[in-house]
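The numbers in full-length UniProt numbering rise by one with no breaks, and the one at position 43 of the sequence shown is 43. Comments concern the structure below.
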Amino acid sequence: MLSERNDFDYAANCKLGGEKEWDRDAVRKFLASEKSYAEFPKNQHDVALQFFTHLLHAYDESFYPNINQQRMKQVFAAPGKEMVDKYKYVLGTKQKITDFDVVTYSREAGQDLREYFTRWGLHFSDAASKQVAEMNLPKP
């Protein structure tokens, strides 16, 4: 997922007159709703953007910058001589990206976001699920 791209899309919307309301219960409200997607709605940009804005609203403006810092730390620490090899090691497939995101987003949020990812049709591995479970985080 290109969270930084979606964050910029949202920021542009705010600058163009969109309202910027911070609903700290955005993730919890989504989980309380009956909304669920079998696959992430990547071709429905307005719907897909909601995944990211719910997180932004619930966890504040530092959420995505902190995620991106963690992403870069893991890439720089990865094995390989070239940055492209390091990047591929950490985020080289859709599955690696989803696994990284569910673990890192949960850690940054301080909440177990596995159900949130699942309801958005983002399918993470058992290994990623175990990493989140081992953090013993509360649900949103």
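All C-beta atoms, glycine included, are put in the ideal place defined by N, C-alpha and C. Keep in mind the model is a prediction, meaning the values are calculated, not measured.
{"Item": "Give me, in chain order, the residues of the same chain whose beta-carbon lies closer than 6 Å to that of F51; leave out the 5 immediate sequence neighbours on both sides.", "Value": "W120"}
{"Item": "Between the stretch 102 to 111 and the stretch 29 to 46, can you find at least three pairs of beta-carbon atoms closer than 8 Å?", "Value": "no"}
{"Item": "For residue 143 and K94, I'd like the C-alpha separation in whole angstroms.", "Value": "No answer is possible for residue 143: the residues shown for the chain start at 1 and end at 140."}
{"Item": "Mapping the DSSP letters down to three states, classify D85 as helix, strand or coil.", "Value": "helix"}
{"Item": "DSSP three-state call for H123: helix, strand or coil?", "Value": "coil"}
{"Item": "Apart from the five residues on each side of it in sequence, which residues of its chain come closer than 8 Å, Cβ to Cβ, to F76?", "Value": "K86"}
{"Item": "Are there 16 or more other CB atoms within 10 angstroms of the CB of R24, so buried, or fewer, so exposed?", "Value": "exposed"}
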